[in-house]
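Numbering of the sequence shown is given in the working numbering, commencing with residue 143 and proceeding in unit increments. Below is one structure, written out as structure tokens, with a few remarks after it.
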Amino acid sequence: MATTDIHIHHDTHHDDHAHEHHEGNFWTNYIFSQDHKVIAKQFLITGIFWALIGGVLSVIFRIQLGFPDADLSWLKPVLGGWINVDAVTQKGSLDPEFYLALVTMHGTIMVFFVLTAGLSGTFSNFLIPLQIGARDMASGFMNMLSYWFFFLASVLMFISLFLETGPAGGGWTIYPPLSALPQAISGSGMGMTLWLISMALFIVSQLLGGVNYITTVINMRTRGMSFTRMPLTIWSFFFTAIIGLLSFPVLFAAALLLIFDRSFGTSFYLSDIFIGGEALAHEGGSPILFQHLFWFLGHPEVYIVLLPALGISSEIIATNSRKPIFGYKAMIGSMLFIAILSFVVWAHHMFVTGMNPFLGSVFMLLTLIIAVPSAVKIFNYVTTLWKGNIRFTSGMLFSIGMVSFFLTGGITGIFLGNAAIDIQLHDTYFVVAHFHLVMGSASFFGMLAGIYHWFPKMFGRMMDERLGAVHFWLSFVGVYMVFFPMHYIGIAGFPRRYYSFTNFQTFDGWADLNTFVSVAAIFTLGAQFIFLFNFFYSMFRGRQASANPWFSNTLEWTTPPLPGHGNWPGEIPSVYRWPYDYSKPGAADDFIPQNIPYSETPESNLPHENELIKLETSNGEGAIIIEGKH
Numbered sequence: 143m144a145t146t147d148i149h150i151h152h153d154t155h156h157d158d159h160a161h162e163h164h165e166g167n168f169w170t171n172y173i174f175s176q177d178h179k180v181i182a183k184q185f186l187i188t189g190i191f192w193a194l195i196g197g198v199l200s201v202i203f204r205i206q207l208g209f210p211d212a213d214l215s216w217l218k219p220v221l222g223g224w225i226n227v228d229a230v231t232q233k234g235s236l237d238p239e240f241y242l243a244l245v246t247m248h249g250t251i252m253v254f255f256v257l258t259a260g261l262s263g264t265f266s267n268f269l270i271p272l273q274i275g276a277r278d279m280a281s282g283f284m285n286m287l288s289y290w291f292f293f294l295a296s297v298l299m300f301i302s303l304f305l306e307t308g309p310a311g312g313g314w315t316i317y318p319p320l321s322a323l324p325q326a327i328s329g330s331g332m333g334m335t336l337w338l339i340s341m342a343l344f345i346v347s348q349l350l351g352g353v354n355y356i357t358t359v360i361n362m363r364t365r366g367m368s369f370t371r372m373p374l375t376i377w378s379f380f381f382t383a384i385i386g387l388l389s390f391p392v393l394f395a396a397a398l399l400l401i402f403d404r405s406f407g408t409s410f411y412l413s414d415i416f417i418g419g420e421a422l423a424h425e426g427g428s429p430i431l432f433q434h435l436f437w438f439l440g441h442p443e444v445y446i447v448l449l450p451a452l453g454i455s456s457e458i459i460a461t462n463s464r465k466p467i468f469g470y471k472a473m474i475g476s477m478l479f480i481a482i483l484s485f486v487v488w489a490h491h492m493f494v495t496g497m498n499p500f501l502g503s504v505f506m507l508l509t510l511i512i513a514v515p516s517a518v519k520i521f522n523y524v525t526t527l528w529k530g531n532i533r534f535t536s537g538m539l540f541s542i543g544m545v546s547f548f549l550t551g552g553i554t555g556i557f558l559g560n561a562a563i564d565i566q567l568h569d570t571y572f573v574v575a576h577f578h579l580v581m582g583s584a585s586f587f588g589m590l591a592g593i594y595h596w597f598p599k600m601f602g603r604m605m606d607e608r609l610g611a612v613h614f615w616l617s618f619v620g621v622y623m624v625f626f627p628m629h630y631i632g633i634a635g636f637p638r639r640y641y642s643f644t645n646f647q648t649f650d651g652w653a654d655l656n657t658f659v660s661v662a663a664i665f666t667l668g669a670q671f672i673f674l675f676n677f678f679y680s681m682f683r684g685r686q687a688s689a690n691p692w693f694s695n696t697l698e699w700t701t702p703p704l705p706g707h708g709n710w711p712g713e714i715p716s717v718y719r720w721p722y723d724y725s726k727p728g729a730a731d732d733f734i735p736q737n738i739p740y741s742e743t744p745e746s747n748l749p750h751e752n753e754l755i756k757l758e759t760s761n762g763e764g765a766i767i768i769e770g771k772h
């Protein structure tokens, strides 16, 4: 039986003439463009640039950690004064303060500039209008501003890398009092000021984008595109935007109060501070307040980068399994549950701050509950793959890799969510391994999966699948080689953020494993250059793509191979069915796109779908849409 989700959809955005593209010049078409596809590519290229910078920084400090006695004087021409050369032995070593700056910038760049802006900015921009059947975003101008605020933030952060006193050095979490006192370390001076200004601009960018994404999804859907016919990608971007809109202002408030403490003599985070035996005039503040504010964003941030990757993988796994996604509504429900729970678990980062044990137990319980919707997603991925006619495209390989990291990294999260265990493992490499698997690697693989899958629609050409497979296997093995041994190093007690472990005899037995991690990190970064070659070569010289190379159902594949401004040259297609009609019994093909009415597929219709045929209207301003049951 059909459900009774009946609504009259008065279409107001189908006026094709109002959205005709007038030829502009180079600046309006490619630089200050208001076309969502161009803006998506701008986010993508900038994100790739930052990923390269962040990866190189991580390799530099991994060389220091894995080879503490190595001569690093060969880096002197690049890093200048940050390499200390011994006057007697002439051996070069990394400056300890610069080591902290490297760790800080690596974390900031990867979390915010790559996985937040690069992933969400690219795919939310590119896919939302195309998959819901809209000409563009609700506000093209606001969309353009979103990118340019991000670009300005990027410029300031990049400049900070070249300061004589060095970039921000307080850790990517910038905990006061270290970050609040410019005289504490060199990295708390101008580098920290630029970091704070850059992050303020970045937050403005994210808020502008988030408002646009939410508005577009709610108001700009084409005829027939009800909420229960939206692809899971759109659901994931929608929830991500809502999370960002609610959590980023809190980080903005935290940064603003920190600016006041640094520049205007306030004491929001400072109290009873002594430097050089002299008491500073700060009293009444608490650094714990900053932690609460930071982690109120910090934990939702995990899902701001993870949910888009999960949505992208859902779409790619269904397409390449040639099967309907298992448990469509359960997948939406799990994302909603994750989005809600992400706001009430932040204090599990603070079990060691002297928190009331009762309060700690509440956050522990809520943290462990979040494993349930995560497990639902894993179950649904596995059951979608089960007995599917699987095509191992590059996008599919990276999607499966994403599920693997999400599972293995998520399991270690259950340990860290337990307060009694976390107190022992907090600030060790076990934590580093956990969040790099579940947040860093899973999200990064989701991003790569999306690039391989939608590259034909972005650039009208195909990426090389053989190079894609090589890139996947080297990266997949490399990531596990880096982060799996790190769990053991963490259990052995290796603390995070330490410059060297050679002074601790207890760690001598683990030195070889630590060296292995560094070698694996260099190997994994090297594998990414295969992707870079494949990406830029294919952009110009790749094989011409057809309009629908993956035989997919969603609306973006009904556009020309390289869609222009406005996406569809004629009328926007209407939607009659959900996006996962793959391998339907009786159908002529193993896929039925969303824009194909039930009246054209009588051989494969289910009984309730036949009832919908007489209610179909493919034109007219007030089309009556009755939601079918899937």
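Don't be surprised by glycine CBs; every beta carbon is placed ideally from N, CA and C.
- With contacts defined by Cβ atoms closer than 8 Å, Phe379 and Phe344 do not form a contacting pair.
- Excluding sequence positions up to five before and after Phe665, its CB lies within less than 6 Å of the CB of Gly620, all in the same chain and listed in chain order.
- Taking a 10 Å sphere around the C-beta of Lys179, we find 16 or more other C-beta atoms and assign the residue as buried.
- Taken through DSSP and simplified to helix, strand or coil, Thr570 comes out as strand.
- Between Phe185 and Gly260, the alpha-carbon positions lie close to 5 Å from each other.
- According to the DSSP assignment, Ser296 belongs to the alpha helix (DSSP H) that extends over 282 to 302.
- Shown here for Ser680: same chain residues with a beta carbon closer than 8 Å to its own, the five before and five after excluded, namely Phe597, Phe601, Arg603, Met604, Met605, Asp606 in chain order.
- The DSSP assignment places complete beta strand (DSSP E) segments of no fewer than 3 residues inside the segment 207 to 256 at 225 to 227, 234 to 236, in order along the chain.
- When C-alpha distances from Asn354 are compared across Trp528, Arg365, Ala383, Phe369, the shortest belongs to Ala383.
- If you draw a 10 Å sphere on the C-beta of Trp169, you find fewer than 16 other C-beta atoms in it, and that means exposed.
- When DSSP states are grouped into helix, strand and coil, Ala397 belongs to the helix group.
- Only residues of its own chain outside the window of five on either side were considered, and among them Ile563 have a CB closer than 6 Å to the CB of Phe557, listed in chain order.
- Annotated as distal: His491 and Trp528, with beta-carbon spacing of 8 Å or more.
- Closest option to Leu704, judged by alpha-carbon separation, among Val253, Arg365, Ser428, Leu272: Leu272.
- In this structure, the CA atom of Asn171 is about 14 Å from the CA atom of Asp278.
- Judged by DSSP secondary structure, Ser175 falls outside any alpha helix (DSSP H); it is assigned neither H nor E.
- Contact between the segment 504 to 515 and the segment 582 to 589 is not established, with fewer than three Cβ pairs separated by less than 8 Å.
- Taking C-alpha positions only, Leu320 is separated from Gly313 by approximately 9 Å.
- Closest option to Phe255, judged by alpha-carbon separation, among Met299, Asp654, Asn560: Met299.
- Nearest neighbour of Phe174 by Cα position, chosen from Glu239, Asn285, Leu697, turns out to be Asn285.
- Looking at the backbone, the Cα of Gly559 and that of Trp488 are separated by about 11 Å.
- Measuring C-alpha to C-alpha distances from Leu305 to each of Leu336, Trp290, Phe283 identifies Leu336 as the nearest.
- Minimum Cα-Cα distance from Pro727 among the listed residues Ala611, Phe671, Val574, Arg464 corresponds to Arg464.
- Annotation for Gly552: the continuous alpha helix (DSSP H) segment containing it runs 536 to 559.
- Between Asn695 and Asp723, the C-beta spacing is below 8 Å.
- Under the DSSP assignment, His750 falls in the alpha helix (DSSP H) whose first and last residues are 749 to 755.
- Straight through space, the alpha carbons of Asn226 and Leu388 are spaced by roughly 45 Å.
- DSSP places Pro391 in the helix class (H, G or I) of the three-state scheme.
- Ile376 is a Cβ neighbour of Ile274, given a cutoff of 8 Å.
- Cβ neighbours of Ser413 within its own chain (closer than 7 Å, five residues either side excluded): His424, Glu425, Gly426, Gly427, Ser428.
- The shortest CA-to-CA distance from Asn522 to any of Ser660, Pro711, Leu374, Ala310 is the one to Leu374.
- Per DSSP, the beta-bridge partners of Phe416 are Ala421.
- Secondary structure at Pro373: coil, using DSSP grouped into helix, strand and coil.
- When DSSP states are grouped into helix, strand and coil, Gln686 belongs to the strand group.
- In the displayed model, Tyr740 falls within a helix according to three-state DSSP.
- Under the criterion of beta carbons closer than 8 Å, Ser476 and Ala561 do not qualify as touching, at roughly 25 Å.
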